[in-house]
Every structure is written in C-alpha cells, then in structure tokens.
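Notes to accompany the following structure.
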Amino acid sequence: MESRAYNVLDGMGEAMLALARRHSTPQQWAAWLKVPLQGACREGDIDMVSTLLKAGAASSGERERDGETPLHAAAAGGSLDVVMALLREGRARRDVNKVTRSLLHTPLHCAALHGHADIALALLRAGADVDLPDTHGWTPLMCASSNGSTELVSNLLLNGASPKTKDNWGCRPLHRAVPAGNLGAIRLLLKAGASPNSRRRPDDMSAVDLAVERGTTDVLLEILAARPHVDALDDRGVSALGIAARKGHAKALDVLIDAGADVDEANQEMDTPLHLACMHLQPACVRTLLRHNADEVFRNEDLAFPDDVVGHAVAGDKRDEEVVEWIYEMLARAPADRVWRRRGWLAMLRARRHRESEAEQIVHPQQSKEEQGEGGNAREAQNNSQPGDGVMGVVCAPPSVSRRKLSIGAGEGTTDRDYSAVRVHPSLRRFHWNVTTMIDTADELVFRKIVTYL
C-alpha cells in the first residue's frame, strides 16, 4: 500500500518542493528536509548531506520513528565525513547521548555495533558516554567485543570503558568477545582487568567454558594465560573438560589437561569426561583421555562404567557401529596401554642393551670368550642351570649385563628385583625377540611410532 502511494508521486518532486518552499515556515522547512537528510546520513552521501545542511535541514532532534536522530543514522552508516559534518554544524552535538525509544541505543552504540572505530572515537571526543547501557544492559564495549573489532575495543578502553560491567544476563564484555573469537579484544580486556573466572547467568559458564564450547584452541590458550580456574563447574556441574569431551574437541582436552585440569573431574551425576565422551561417541576424545590416564573403571551414580554408556546420548539412527566398536576396543585395551606407557621404555632399553652385547661379541669374539672365564661358555651355564631357577629354563638376560637391581614402579608398591639372570616364559621371550628384531633391523618408522605413542 505504501509503495503504491509512493509510485503515485513519481515525477512530482519539483512541484512539491516548490510548494513546500512557498508555504512552509522555517521550522516546517527544516523538519521537511530532515527526512532526506536522515537517508543521506545512513547511506554516507556526504555531498547530499552538505547540500541539505546548507539548505536549512535540521541536523538535530529525533524523528518520529523510534526516536532516531541523523547522528544515529550517520554512526550506523559508517561515513566519518558525514559524522564530522554533523558535529561541525553544532546542533548535532546535543544528540551525542540521545537514545532511541526501543533499544535505548546512543550513536556510540550504533557505531560499536557496526564496528566503526573511527566514528566511535569522534563521538567520544564529542562527549559520548562510554558506559551508557541500552535496554539489555549492553554498553558500547560489549557491542564492540561481540563484533570482533580490536581497534574499537582499544579506543573504548582507552577512554575509560569498564571491562567489568554486566548486562541483564550477567554477561561481561569478555563473555561477548570469546564466542566472537576476537583474540585481540580478549587480550585487551584481560589486560584491562577482566576476570577470566567471572561467570554469566543463567548457565554459570566462564570464559574458559565458552572457549571450549566454541572449540577454538587459540582463544582457549589466550584465556589460560591469565591462569583461570580450569576445574570450575557450570550450573549442571560440568567442568570445561567435560564440555570438551561432550563436544568432541580433543585438542582442547590436551590444552586443559596440560593446564592442570583434573582428567577425572565428575559432574553432578558423577559422570567423568570419559563417560561423556563415550556417551556422545567422541572417539578422538576417548583416546585423548585414556592417553592422559583417565580412569576407565570409574563408576557414576548409576554404578555404570564408561563402557556401559557408550552411545547412550546418540539416537539409534545416528549411531555409527564402527565408532562404537572402536571405543569399546580402546576401553578394553586401556590397562595394557597404560602399562606400556609406563614400562615400555624398559623393554626398549633392554633390547638396546642386548643388541650392543651381540655387536660386541661380533667385533671382539676372542675377548668375549675370555670374559666367560673358568665357568665355560654361556651355553654350558644355561645347560647347568637348575629346574627351579626359572620358567622353562629360558635365560633372557644378555651375557654382558652385570648384576644389578632396577627399581620398578611409579610410586605405588615399588619393589627392587634382581635382573641379572631373569628366566621368563617363552611368550615373553617372543615379545623380547620382536622388540629386539625391530630395533636390530633399524625399522625407523615403527620406532618413531612407538616413541610418539609414549
């Protein structure tokens, strides 16, 4: 209906302008020109703005729609020349802190929401209130933090904006900057005194939780540099580690654990991050948690182990059975993998010593015979061994290994054992031979994989 009315007036612009000039008062004339002035300000047309201002258009005062002034329109439009033209005109300075009716936005809010750092600085120099909140409690700094403008955040902070103000939901500027992934703004806010431990309402999520939920490792590292509490819980009792496990962010798990997060921190239902990763079928997270020695036999409040809840949070039609089997396999292999991570280096060192001993016998065969002494060669010593000396009478210790004691254990139940002539089962000898052969054949690829795994 409105567009049809506008079409009726096509071609009558000059006649209407002549009528308005002949029959309007100066106040009516200024108000009439204010409509095109508002549009020119929003579109950044500096030539039209300059012409309308010279013709007597009112540069200040609100329009009937939402109380928006030409300065609001210019700040949102992004033309610094238009903003400066309005401010030089003089009367627009009275609108620098005027708010709209619906959202209570000032021109500074408009500039911050659209990321116009130069316009925001001009408005601040003209006397704009840097911490005036809108109807949602958002300050210009919150608007700037959410749109990713580092320069704008810097300008506001340098002009006294507070990084600790809260909106109606308890969010601070840092809570707005983290979801936006604005590293520069996050760094500036933390340097200005923003707390990395502050929590928003109603979910009690901190900046660390928000960074983990977003899955951005660089943002998480920036926040962790401020030394926040990494084990704090949200309103559901879930830690940042639990959020990462549920969302499938394995890199975030590594970063958090390296920062000191408890790998077995349980939520209100006593579900550990490993439970959550299994529930949501996140195999990369399961592998990462197990690599950091997560407890695969931890029971939740329903007395369920992690392998009892695999895939429980995933709908049946979305379950990938291959992923399910992979997770079951990792959980079943966890004890053996843990032992290998703790003790595997002993097997590697033992194999290396055996190889050095064999090389010594090849290079200096006569010297090796002399080392055998009056007791005869190694084969005779083995044949003369007593049946009770070991299992199957197999000697694994190389001849050149002197009698010594090795401390076995990681602090719990550490014992000293004599490894000068250990006799083991043939299955263990086969494992010993495999490791020795692997190193003797210089299989660099396999060796690198084992070192990486350790």
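Mapping of the sequence shown onto full-length UniProt numbering: residues 1 to 454, in sequence order. We put the CB at the ideal spot given by N, CA and C, even for glycine.
- Linking residue 116 to residue 43 through their CA atoms gives a straight-line distance of about 14 Å.
- For residue 285, the enclosing alpha helix (DSSP H) stretches over residues 283-291.
- Taking every protein chain shown into account, the CB of residue 25 has fewer than 16 other CB atoms within 10 angstroms, so this residue is exposed.
- Remark: fewer than three beta-carbon pairs, one from each stretch, lie closer than 8 Å, so the stretch 253-266 and the stretch 307-320 are not flagged as touching.
- Secondary structure note for residue 140: its alpha helix (DSSP H) is the uninterrupted segment 140-147.
- Residue 321 and residue 300 have their C-alpha atoms spaced approximately 24 Å apart.
- Residue 303 sits in coil when the DSSP states are folded into three classes, being neither helix nor strand.
- When rounded, the separation of the alpha-carbon atoms in residue 189 and residue 124 is 19 Å.
- Our two residues, residue 168 and residue 103, have alpha carbons roughly 13 Å apart in a direct line.
- Taking all protein chains in view, the Cβ of residue 197 is surrounded by fewer than 16 other Cβ atoms within 10 Å, so the residue is classified as exposed.
- A distance of 8 Å or more separates the beta carbons of residue 22 and residue 59.
- Listed as beta-bridge partners of residue 239 by DSSP are 233.
- DSSP places residue 187 in the helix class (H, G or I) of the three-state scheme.
- Cβ neighbours of residue 205 within its own chain (closer than 6 Å, five residues either side excluded): 234.
- Within the model, the alpha-carbon separation for residue 184 versus residue 144 is close to 12 Å.
- With respect to residue 132, residue 97 sits close: the two C-beta atoms are nearer than 8 Å.
- Collapsing the DSSP output to three states places residue 342 in a helix.
- At the C-beta level, residue 134 and residue 114 stay beyond 8 Å of one another.
- For residue 179, the uninterrupted alpha helix (DSSP H) run begins and ends at 173-180, by DSSP.
- Taking the Cα of residue 152 as reference, the smallest distance to any Cα among 290, 118, 165 and 160 is reached at 118.
- With contacts defined as CB atoms closer than 8 Å, residue 99 and residue 41 fail to qualify as a contacting pair.
- In its chain, beyond the 5 residues on either side, 48, 52 and 57 have a beta carbon closer than 8 Å to the beta carbon of residue 36.
- The beta carbon of residue 280 is closer than 6 Å to those of 246 and 313 in its chain, skipping five residues each way along the sequence.
- The continuous alpha helix (DSSP H) containing residue 276 extends over residues 273-279.
- Runs of the alpha helix (DSSP H) spanning 4 or more residues and lying entirely within the stretch 80-161 occur at 80-89, 107-113, 117-125, 140-147 and 150-158, in chain order.
- Here residue 206 is bridged, per DSSP, to 199.
- Annotation for residue 50: the continuous alpha helix (DSSP H) segment containing it runs 46-54.
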